[in-house]
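In our numbering, the protein residues as written are 631 to 1061.
Note that CB positions come from ideal geometry on N, CA and C, so glycine has one too.
Below: the structure, in structure tokens.
The structure is reproduced here in structure tokens:
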């Protein structure tokens, strides 16, 4: 949890220093993020499938099969990360020009930032792979610490490179991208070093032995997540395009609103991964009855913490927003966004717990369908209708974003309680 707060601090610091460079620069990373998500979808799907497989093999104490699965995972993930990075670099101009359509005031910055961040996309493949392997064997501490180290390095480098503190030149968003890539590179080195030192018996190597059973398991478990993440990232691109259609003021307010809300939902990212691991290992060990109790407790804990965070952010909303801008138009728009959206974050927390339940159990189809409805039907479809046909403009976007959290959280809670997800996906040993 502490490490997650460090990561939130990094995002806030990144936005803060970019806001000191210009009032709208902090909107640039938010423009690029969905496209990065799109090209990382195959890795995330692979990670989800292997998280379920590895944690259940470990829970069943079938360590040779766990090592073999981890080696296959590493091999395919390395190939995917390089392929995704090169494709991202080649296609990014066309996506930003014709799909996302950033405001003209920040288009050049978006292109410059995304070009450098390609290296981060490639490096993140290694981070995702090693983090998933370690988390699957129960070590959530090492990946979290490494992530925290990267965030701290980034926090230190941001003001130096963005604002040009001597001896560095003033680079703005380019400096932010360079800081991110350098911090990620250090993180990869530390993660690999710690893995070899702490787990010398963990036999994870590149391999040619990628058999059909492993591929089928990945398609069955990872397929729905792949569809969800591809769908999500494309939906977020279109959501950005919808926001961008109302100009750079709304785009900047949108970015600031999300940065501020990270204070409220910081606990989401810190508690969902342990939930997936506990469910996976308990299913592998044959403790199906405990899994639903784990999901209930995680939902209650996360909802409570997120509600407290939302109340704090709501009370401090204007001072928090004015940290990032002094522009009255941006401040007013960001206030409207936060006031409409902030108290639906507990529902988003439940939805995220459902995604973790799917990751740990391997039953990912239902959370995937809920996620698709959340974004495509409500945020994009209904959002467009309210913004343009009913003429609510940007408020229509904020309203449907809030509604999407309420609907998806409620549906996910019903699935956690009544869904048939407590059946292991690995084959049982025959004795």
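| query | result |
| --- | --- |
| On a CA-only basis, which of 914, 749, 893 and 829 is nearest residue 937? Give me that one, please. | 893 |
| Below 8 Å CB to CB, which residues in the same chain sit around residue 924 once its five sequence neighbours on both sides are set aside? | 905, 908, 909 and 912 |
| Take the Cβ of residue 916 as the centre, count every other Cβ of all protein chains shown within 10 Å, and call the residue buried at 16 or more, exposed below. | exposed |
| If distances are taken between C-alpha atoms only, which option among 725, 810 and 834 comes closest to residue 694? | 834 |
| Would a C-beta distance cut-off of 8 Å place residue 817 and residue 766 closer than the cut-off? | no |
| Helix, strand or coil: how does DSSP classify residue 735 here? | coil |
| Leaving out the 5 sequence neighbours to the left and right, which residues in its chain are closer than 8 Å to residue 1061 when beta-carbon positions are compared? | Residue placement at residue 1061 cannot be trusted, given a pLDDT of 48 that sits under 50; the coordinates are not used to answer. |
| Are residue 673 and residue 703 touching if we call contact CB-CB under 8 Å? | no |
| Can you check whether the CB of residue 787 is closer than 8 Å to the CB of residue 809? | yes |
| Give the DSSP-derived three-state secondary structure of residue 768 in the structure shown. | coil |
| Between residue 943 and residue 985, is the Cβ-Cβ spacing less than 8 Å? | no |
| For residue 679, which residues in the same chain have their Cβ closer than 6 Å to its Cβ, ignoring the five residues on either side in sequence? | 848, 851 and 852 |
| For the 8 Å Cβ check, are there 3 or more pairs between the stretch 709-726 and the stretch 939-959? | no |
| If you compare alpha carbons, which of 696, 1046 and 968 is closest to residue 926? | 1046 |
| Taking 7 Å as the cut-off, does the CB of residue 1010 come closer than this to any heavy atom belonging to the ligand GTP? | Within the structure as shown, the ligand GTP is missing, as the structure has no ligands at all. |
| Is it the case that the stretch 656-671 contacts the stretch 857-875, given that we only count it when at least three CB pairs across the two stretches are under 8 Å? | yes |
| Alpha helix (DSSP H) containing residue 974: first to last residue? | That residue, residue 974, is in no alpha helix (DSSP H); it is neither H nor E in DSSP. |
| Counting Cβ pairs closer than 8 Å, one from the stretch 1031-1043 and one from the stretch 996-1012, do we hit at least three? | yes |
| Give a yes or no on whether the C-beta atoms belonging to residue 685 and residue 1049 are separated by under 8 Å. | no |
| Three or more C-beta pairs under 8 Å: does that hold for the stretch 974-988 against the stretch 945-958? | no |
| Going by other Cβ atoms of all chains shown within 10 Å of its Cβ, with 16 needed for buried, is residue 638 buried or exposed? | buried |
| Do the CB positions of residue 699 and residue 687 come within less than 8 Å of each other? | yes |
| For residue 1013, does the three-state DSSP call read helix, strand or coil? | helix |
| Starting from the C-beta of residue 1028, find all residues in its chain whose C-beta is less than 7 Å away, skip the five residues before and the five after it, and write them out in chain order. | 966, 967, 970 and 971 |
| Residue range of the alpha helix (DSSP H) that residue 930 falls in? | 918-945 |
| The alpha helix (DSSP H) that contains residue 878, what's its start and end? | 878-894 |
| What residue range does the alpha helix (DSSP H) around residue 957 cover? | Per DSSP, residue 957 belongs to no alpha helix (DSSP H) and is neither H nor E. |
| Can you tell me which of 861, 928, 811 and 774 puts its alpha carbon nearest to the alpha carbon of residue 824? | 774 |
| What's the C-alpha gap between residue 749 and residue 919? | 44 Å |
| Ignore the nearest five residues each way along the sequence and tell me which others in residue 974's own chain have a CB closer than 6 Å to its CB. | 1032, 1035 and 1036 |
| Using a Cβ-Cβ cutoff of less than 7 Å, which residues in the same chain neighbour residue 651 once the five nearest sequence positions on both sides are dropped? | 792, 793 and 802 |
| Give the straight-line distance between the Cα atoms of residue 1106 and residue 1043, rounded to the nearest whole angstrom. | Nothing can be reported for residue 1106, as the shown portion of the chain is limited to 631 through 1061. |
| Please go through the same chain and pick out, in chain order, the residues whose beta-carbon is closer than 6 Å to the beta-carbon of residue 846, but skip the five residues on each side of it. | none |
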